[in-house]
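Below you'll find the structure, written out as structure tokens, and then a few comments.
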Amino acid sequence: MGELRFTPKIKEKRWDKSKEKELRELWDREGIYDFKFSPEDKRPIIVIDTPPPYPSGKWHVGGAAHYAQIDMVARYFRMKGYNVFLPFYADRNGLPVEVQVEKTKNVNPHELAKTPEGRQKFLDLCREFLDKVESELVSVWRRLGCSFYYIRDGTDSPTYRRMTQATFIELWRRGLIYEAERPVNWCPRCRTTLSDAELEHREEKTLLYYIKFRVKETNEEIIVATTRPELLAACDAVIYNPKDERYKHLKGKHAIVPIYDKEVKIIEHPEAKPEFGTGLVMICSYGDQRDIRLFKELGLKPVILITKDGRMNDKAGFLKGLRVRDARKRIAEELDRLGLLVKTEEIEHTVPVCWRCKTPVEFISVKEYFLKQLEFKEALKKITMKISFYPEFHRRKLLDWINSISTDWPISRSRFYGTEIPLWHCRKCGAKLVPEPGKYYIPWKQEPPFEKCPHCGAPKEFLEGEKKVFDTWFDSSLSALYVSGYMRDEE
Numbered sequence: 293m294g295e296l297r298f299t300p301k302i303k304e305k306r307w308d309k310s311k312e313k314e315l316r317e318l319w320d321r322e323g324i325y326d327f328k329f330s331p332e333d334k335r336p337i338i339v340i341d342t343p344p345p346y347p348s349g350k351w352h353v354g355g356a357a358h359y360a361q362i363d364m365v366a367r368y369f370r371m372k373g374y375n376v377f378l379p380f381y382a383d384r385n386g387l388p389v390e391v392q393v394e395k396t397k398n399v400n401p402h403e404l405a406k407t408p409e410g411r412q413k414f415l416d417l418c419r420e421f422l423d424k425v426e427s428e429l430v431s432v433w434r435r436l437g438c439s440f441y442y443i444r445d446g447t448d449s450p451t452y453r454r455m456t457q458a459t460f461i462e463l464w465r466r467g468l469i470y471e472a473e474r475p476v477n478w479c480p481r482c483r484t485t486l487s488d489a490e491l492e493h494r495e496e497k498t499l500l501y502y503i504k505f506r507v508k509e510t511n512e513e514i515i516v517a518t519t520r521p522e523l524l525a526a527c528d529a530v531i532y533n534p535k536d537e538r539y540k541h542l543k544g545k546h547a548i549v550p551i552y553d554k555e556v557k558i559i560e561h562p563e564a565k566p567e568f569g570t571g572l573v574m575i576c577s578y579g580d581q582r583d584i585r586l587f588k589e590l591g592l593k594p595v596i597l598i599t600k601d602g603r604m605n606d607k608a609g610f611l612k613g614l615r616v617r618d619a620r621k622r623i624a625e626e627l628d629r630l631g632l633l634v635k636t637e638e639i640e641h642t643v644p645v646c647w648r649c650k651t652p653v654e655f656i657s658v659k660e661y662f663l664k665q666l667e668f669k670e671a672l673k674k675i676t677m678k679i680s681f682y683p684e685f686h687r688r689k690l691l692d693w694i695n696s697i698s699t700d701w702p703i704s705r706s707r708f709y710g711t712e713i714p715l716w717h718c719r720k721c722g723a724k725l726v727p728e729p730g731k732y733y734i735p736w737k738q739e740p741p742f743e744k745c746p747h748c749g750a751p752k753e754f755l756e757g758e759k760k761v762f763d764t765w766f767d768s769s770l771s772a773l774y775v776s777g778y779m780r781d782e783e
């Protein structure tokens, strides 16, 4: 069989790309897609809250096509006689750009940010990266002929951040934001809290460890199966299912945790699945979201073993200083040496990982700022029923998401390239001071906008600026206000 050859019928391109450039420049000069508002213009107005894309890399064809579809909708409404505002600006805050800069520039932001000068240097690197990628995104949609009105002030602009901070100040004054220490999703590589929306879940193989515990009252051995033996020191209860006849005699008794000789209650609870492992489950702080729920429900006392950089602390005893996976291996060896490890078996289970760097997430107690949302779930569901959805099944998706909310929203992040939380702390009396809205505040490097603490009278030298930034979704949730001219064009 001879070699196949492809001979194109069209020998050369008939379209001159320079014509595209000339046409785009003509559109720009004429401003045909600029949004113009006038009280005399009687056309109905439609503002399209175009999802601002995140410039973390080059657009693939799917991303570009999505914005071309949005452009089609805008063109349809223009033809129907509407005055359409179709903005395009970039979502430039948050973790993705930081991770990209860490990789491409080989820098550690946590080390750099130990000084204000180092933090500013890292922010400059992030901004440089974003500017480059954003220009590429804009070039793509311009070549597609999209009719967006380009707003160069993205979500990292002083204008946008001023609006974000003003929103925070208003919510703070209404009592809807509070500071608390509680279990959160924590990425030990990025060293920051993650919301549930920032988690991905992947299936991976792991070992299930069958470990001997001892019943205090009878001295009998019981076998508890767990995937997290490194958390034995944080165990505060052992549970079994109320319908599991094998363990009815253990009700009200106590178990002794191996190696650490800690006494914990044995409790009936439906969260234990008789078919998993031995049916006995250790509840520790914190192996997963179930542990967090049960510690709260049962009034257990948490012991946190894992540090913010993913190492075991001194409460873990001989495991101190080890990475979590190394600690798991080390304690399994010790259990085996002491004759306390019955067996291991390989299983598949779901592991939550950081959406950006894919590191397995830990659950540790961290002091963060939280926005109240649980009390608004029913109101949100009522609003959802009034909205028209196309297609209809998206209504169910939104309702399912609202129903899945189980905690208030942690809105603070221990990162750097984001909108700064506008707070100052008084080191003398502990008060938290919120400034007046209307300015863009950078507390970690600016002088406090107070001459003294209004609570205790301490001079401004005692006022320390907040170093944390907002979750990028706190900024993004305000995009509809931004494109509508909130705090910029009230008319």
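In short: position in the sequence shown from 1, add 292, done, that's this note's numbering. Heads up, the beta-carbon is just placed ideally off N, CA and C, and yes, glycines get one too.
Residue environment for proline 331: exposed (fewer than 16 other C-beta atoms within 10 angstroms of its C-beta). With a 10 Å radius around the Cβ and a threshold of 16 neighbouring Cβ atoms, arginine 705 comes out buried. In the DSSP annotation of this structure, the continuous segment of the beta strand (DSSP E) that includes tryptophan 478 starts and ends at 469 to 479. Each of Arg434, Lys744, Ala526, Gly323 was checked against the Cα of methionine 604, and the nearest Cα belongs to Ala526. Around the beta carbon of lysine 395, a 10 Å sphere encloses fewer than 16 other beta carbons of the protein chains shown; the residue is thus reported as exposed.
One thing to note: proline 566 has its Cβ within 8 Å of the Cβ of aspartate 536.
Annotation: the continuous alpha helix (DSSP H) that includes glycine 354 extends over 353 to 371. With a cut-off of 8 Å on Cβ pairs, the segment 747 to 766 is in contact with the segment 717 to 734, counting three or more such pairs. In this structure, aspartate 528 sits near lysine 593, with a CB-CB distance shorter than 8 Å.
For the 8 Å CB-CB criterion, threonine 711 and glutamine 457 form a contact. As for any beta strand (DSSP E) of minimum length 3 sitting wholly inside the segment 618 to 661, the runs are 633 to 646, ordered along the chain.
For proline 751, the beta-bridge partners assigned by DSSP are Lys744.
Residue state for cysteine 576 is assigned as strand, using DSSP reduced to three classes. The way I'd put it, the segment 486 to 496 does touch the segment 633 to 644; three or more beta-carbon pairs between them come closer than 8 Å. Residue pairing from DSSP places histidine 546 in a beta bridge opposite Lys557.
DSSP, read as helix, strand or coil, puts lysine 565 in coil. Contact between the segment 735 to 747 and the segment 404 to 419 is established, with three or more Cβ pairs separated by less than 8 Å. One Cα belongs to leucine 633, the other to alanine 624, and the distance between them is close to 7 Å.
Non-local C-beta neighbours of valine 425 in its own chain, meaning closer than 6 Å and more than five positions away in sequence, comprise Pro347, ordered along the chain.
For a cut-off of 8 Å, the C-beta gap from threonine 570 to isoleucine 639 is around 13 Å, too long to register as a contact. Closest by C-alpha distance to glutamate 390, out of Ile337, Arg481, Ile443, Lys311, is Arg481. By the beta-carbon neighbour count (other beta carbons within 10 angstroms, threshold 16), lysine 588 is exposed. Contact between the segment 695 to 709 and the segment 655 to 668 is present: three or more C-beta pairs spanning the two stretches fall below 8 Å.
Each of Glu667, Arg419, Glu471 was checked against the Cα of isoleucine 697, and the nearest Cα belongs to Glu667. The beta-carbon separation of aspartate 341 and valine 775, rounded to 5 Å, stays under the 8 Å limit for a contact.
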